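Line by line, the protein sequences are chains A and B. If you're matching positions, the first sequence starts at 198 in my numbering and goes up one per residue. If you're matching positions, the second sequence starts at 5 in my numbering and goes up one per residue.
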Amino acid sequence: MQESQHGVELIRVSREYTRGGEGVKVFDDVDLSVKPGAFCAMMGPSGSGKSTLLNLVGGLDRPDSGDVIVGDTRLSELGESDLAEWRSENVGFVFQGFNLVPVLTAFENVELPLLLTGLSKAERKEHAMHALELVGMGDRAKHRPGQLSGGQEQRVAIARAIASDPGVILADEPTGDLDFESACQVLDLLGRLHTELGKTILMVTHDPRAAERAERVIHLDKGRINESPAAPDDGFREVKPKEGEGA
Amino acid sequence: MVPLKLIWRNLLRHKLRVLLTAGSLTVAFFLLCVLQALVVSLDQGVKNASKKRLVVQSAVSLFVNLPISYQGKIETVEGVDETMKMTWFGGYYREPANMFAQFAIDADRMETIYSNVELIEGSWDEFKNTRMSCLVGKETANKYGWSVGDRVPIVGMIYPRLDGSEWQFDIAGIYDAGAEASIDDLTMYFHWDYLEEAMEAGATTGADGIGVYSVLLSDGYSQAGVGAEIDSLFENGPQRVQSTPEGEFNAQFVSMVGNVPFFVGTIGMGVLIAILLATLNTMLMSGREQTRDVGVLKALGFDGSAAFWLLLSQSLILCGLGAGTGIFLALGIEGPLQAVLGSNFPGLQINREVLTPAIILAICVALFAGLAPALRARRLTVIEALREEV
Numbered sequence: 198m199q200e201s202q203h204g205v206e207l208i209r210v211s212r213e214y215t216r217g218g219e220g221v222k223v224f225d226d227v228d229l230s231v232k233p234g235a236f237c238a239m240m241g242p243s244g245s246g247k248s249t250l251l252n253l254v255g256g257l258d259r260p261d262s263g264d265v266i267v268g269d270t271r272l273s274e275l276g277e278s279d280l281a282e283w284r285s286e287n288v289g290f291v292f293q294g295f296n297l298v299p300v301l302t303a304f305e306n307v308e309l310p311l312l313l314t315g316l317s318k319a320e321r322k323e324h325a326m327h328a329l330e331l332v333g334m335g336d337r338a339k340h341r342p343g344q345l346s347g348g349q350e351q352r353v354a355i356a357r358a359i360a361s362d363p364g365v366i367l368a369d370e371p372t373g374d375l376d377f378e379s380a381c382q383v384l385d386l387l388g389r390l391h392t393e394l395g396k397t398i399l400m401v402t403h404d405p406r407a408a409e410r411a412e413r414v415i416h417l418d419k420g421r422i423n424e425s426p427a428a429p430d431d432g433f434r435e436v437k438p439k440e441g442e443g444a
Numbered sequence: 005m006v007p008l009k010l011i012w013r014n015l016l017r018h019k020l021r022v023l024l025t026a027g028s029l030t031v032a033f034f035l036l037c038v039l040q041a042l043v044v045s046l047d048q049g050v051k052n053a054s055k056k057r058l059v060v061q062s063a064v065s066l067f068v069n070l071p072i073s074y075q076g077k078i079e080t081v082e083g084v085d086e087t088m089k090m091t092w093f094g095g096y097y098r099e100p101a102n103m104f105a106q107f108a109i110d111a112d113r114m115e116t117i118y119s120n121v122e123l124i125e126g127s128w129d130e131f132k133n134t135r136m137s138c139l140v141g142k143e144t145a146n147k148y149g150w151s152v153g154d155r156v157p158i159v160g161m162i163y164p165r166l167d168g169s170e171w172q173f174d175i176a177g178i179y180d181a182g183a184e185a186s187i188d189d190l191t192m193y194f195h196w197d198y199l200e201e202a203m204e205a206g207a208t209t210g211a212d213g214i215g216v217y218s219v220l221l222s223d224g225y226s227q228a229g230v231g232a233e234i235d236s237l238f239e240n241g242p243q244r245v246q247s248t249p250e251g252e253f254n255a256q257f258v259s260m261v262g263n264v265p266f267f268v269g270t271i272g273m274g275v276l277i278a279i280l281l282a283t284l285n286t287m288l289m290s291g292r293e294q295t296r297d298v299g300v301l302k303a304l305g306f307d308g309s310a311a312f313w314l315l316l317s318q319s320l321i322l323c324g325l326g327a328g329t330g331i332f333l334a335l336g337i338e339g340p341l342q343a344v345l346g347s348n349f350p351g352l353q354i355n356r357e358v359l360t361p362a363i364i365l366a367i368c369v370a371l372f373a374g375l376a377p378a379l380r381a382r383r384l385t386v387i388e389a390l391r392e393e394v
């Protein structure tokens, strides 16, 4: 896996939604710059635009005005199918609800993004198993999501996010549905992706203890961005995985 | 490009529901094939009737015989190449349940009138030269295990023998109607002379005269023109006639049992609409259940067409399996169906005329049921799909 060359820049970005017939301005002329290989946490009250920001960076949503630039790519210049292709090559998503495909095994879930890469079957298998082993789920490759715990599901989701070696990982409340121990394991994993693999990570979280793992914390409120340095770790200590769970 | 296993496993997500829908499709398409085969069988004699033949019958009714003397007069009309007497005999073999069609005809003229009929056993000469001989359609011969040289006893109902005995016929040939679609492979043809002799000898009773005359036209003459000429010939009696193109004559028989194609078509349409709605319901539920998967696939970089094919493929597979099984069952039951209904629906077959519309309908059902969820999946954004409560 390669170190990320993907910085993220938002230039005078505005985004407004219509709710109940009224326009709700989420961002108004917002600027943000994230260096390649950075680990940023985004915090803020519900409705502050955290997930919207993630969706804009991941090319799942488009701004009303302004530019989103990820690496060398200005997303506004891409059409829908080019954007989908760009996403498959450059962005890995980790969702709060894991969002694994329930009818596929852990291995098949991780293999999904690789189907878009043109790799041979053998190469796909190698990459998917490597990603699963990185998150300590190699021995659960044949299990379906329903046969895994929440923490294990999220680790498989992380394996899926990194399988195609994207430069940017976007994590939307990745520990929101997990117990303390599983949350620590997931945060450890994200930390390793940042420190060992140099991935650019943007993580939305409500939990200050999770945010402390990031090197930079961005606060969003009423369409504005404020920053604070990450506080020393006082909650989510690095937890060694249980025997048999790997990682 | 969506992995096949994802399509297949999503299809089997609710096995019972899929099984019931596929079962409904199987029953529906089995029924549609059988009903369509009945309609095709009825239409066959009409559609494929010869353009060179007329049927001359009494203008009063088909059940009123024409004078024997009419044959010579008809042959004087310009454009008439050959004529043949045809009188409905109405008999059965041993038991009343073994009823099939028999006609008393001019034995020496049948080969000319029905030139496409092929003898698969026996010879025309043997048939023409032996007074008690007959020709039997291959299906009837197979049904009763008859072969050339067998003597067959037939009980006459319209022409019963007064001594209570049966009529005896010697099989001189077994025919295959082949391209001669206006006749079937079930009928027996025997010498009209044999019947006439028995009547003259007082051995049987029955109506005098001839049921109908089959008329073969010379090249270059139209059915309408020659038919009008024949009709005008007998306009002043003693009995008026009605000349009908062979296809039209055959159509009269179809309409005698009511508007069967319309009746059968209506039932088929009802079955089709019911199965269409059932399949649509299944696919809409499947589409809704897979909304989140669609969102995930799109987030990973799969485009809208992948989401579209994920849903549409499931509909195509479901209909392919269900309808395909129904069609294969119909093909499998063709033999027993012919045995049961063959005498009423000659030429009953699950052939291309039946299979082609069935396959087209199966594809239409699949497209109709699959398009709505597939288009929805293509249109959904990642955000909408992942937010949707399933």
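Cβ atoms here follow ideal geometry from the backbone N, Cα and C, with glycine treated the same way. Computed from a predicted model, the values in this text were never measured in an experiment.
Quick one: measure Cβ to Cβ for residue i and residue j, integer angstroms, because I've assumed they're closer than 8 Å.
i: B/L341; j: B/V38; result: 7 Å
i: A/P299; j: A/A360; result: Not really, about 18 Å apart at Cβ, beyond 8 Å.
i: A/A354; j: A/V401; result: That pair is no contact at about 15 Å.
i: A/A235; j: B/G305; result: A/A235 to B/G305, Cβ: 23 Å. No contact.
i: B/E130; j: B/A176; result: 4 Å
i: B/V216; j: B/Q61; result: 5 Å
i: A/G343; j: A/L375; result: About 17 Å separates the two Cβ atoms, so there is no contact after all.
i: B/T208; j: B/G160; result: 7 Å
i: B/E250; j: B/D189; result: Not really, about 18 Å apart at Cβ, beyond 8 Å.
i: B/D174; j: B/C138; result: 7 Å
i: A/V205; j: A/V288; result: About 10 Å separates the two Cβ atoms, so there is no contact after all.
Closer than 9 Å, CB to CB, is residue i near chain B or not?
i: A/R271; result: no
i: A/F433; result: Here A/F433 scores only 41 on pLDDT, less than 50, and its place in the model should not be relied on; the value that follows carries that caveat. Chain B, which has no Cβ nearer than 9 Å to the Cβ of A/F433, makes this no.
i: A/N423; result: no
i: A/A281; result: yes
i: A/S285; result: yes
i: A/S278; result: yes
i: A/F304; result: no
i: A/R212; result: no
i: A/R357; result: yes
i: A/L476; result: The displayed coordinates of chain A run from 198 to 444. Any statement about residue 476 of chain A would go beyond what the structure contains.
i: A/P371; result: no
i: A/L297; result: yes
What does residue i pair with, by DSSP beta-bridge criteria?
i: B/T87; result: B/V219
i: B/G241; result: DSSP, once it has assigned bridges, lists no residue as partnering B/G241.
i: B/W92; result: B/F107
i: B/D180; result: B/E122
i: A/V205; result: A/V231, A/V267
i: A/D418; result: A/R421
i: B/R155; result: B/D174
i: B/N60; result: With the sequence shown as reference, residue 60 of chain B is identified as Val, and Asn is not the correct amino acid for it. For B/V60, which the question treats as bridged, DSSP gives the partners B/Y217, B/S247.
i: A/S361; result: Its beta-bridge partners do not exist; DSSP assigns none.
i: A/F307; result: Note that residue 307 of chain A is Val in the sequence shown, not Phe. None; A/V307 has no bridge partner.
When the cut-off is 9 Å and only beta carbons count, does residue i lie next to chain C?
i: A/S379; result: This model lacks chain C altogether; the protein chains it does include are A and B.
Kindly indicate which three-state DSSP category residue i falls into: helix, strand or coil?
i: A/T402; result: coil
i: A/L257; result: coil
i: A/E370; result: coil
i: B/F312; result: helix
i: B/I175; result: strand
i: A/G388; result: helix
i: A/Q351; result: helix
i: B/I363; result: helix
i: A/E320; result: helix
i: B/C70; result: Cys is not the amino acid found at residue 70 of chain B; the sequence shown has Leu there. In the structure shown, B/L70 sits in a strand (DSSP, three-state: E or B).
i: B/M5; result: coil
i: A/A238; result: strand
Using a C-beta cutoff of 9 Å, does residue i count as contacting chain A?
i: B/R13; result: yes
i: B/M5; result: yes
i: B/T385; result: yes
i: B/A181; result: no
i: B/G299; result: yes
i: B/R17; result: yes
i: B/L10; result: yes
Quick check: is any heavy atom of the ligand SAM less than 8 Å from the C-beta of residue i?
i: B/L166; result: This structure does not include the ligand SAM; it has no bound ligands of any sort.
Subject >> Interfacial residues, the stretch 345-378 of chain B to chain A, with Cβ spacing under 9 Å >> reply: none
Original post:
Name the residues in the stretch 378-398 of chain A whose C-beta lies less than 8 Å from a C-beta of chain B; which are they?
Top reply: none
Subject >> Proximal residues, the stretch 315-342 of chain B versus chain A, C-beta separation under 9 Å >> reply: The stretch 315-342 of chain B vs chain A, Cβ under 9 Å: nothing.
**OP:** Report the residues of the stretch 307-330 of chain A with a CB closer than 7 Å to any CB of chain B, ordered along the chain.
**Re:** Of all residues in the stretch 307-330 of chain A, only L309, P310, L312, L313 come within less than 7 Å of chain B when Cβ atoms are compared, listed by chain position.
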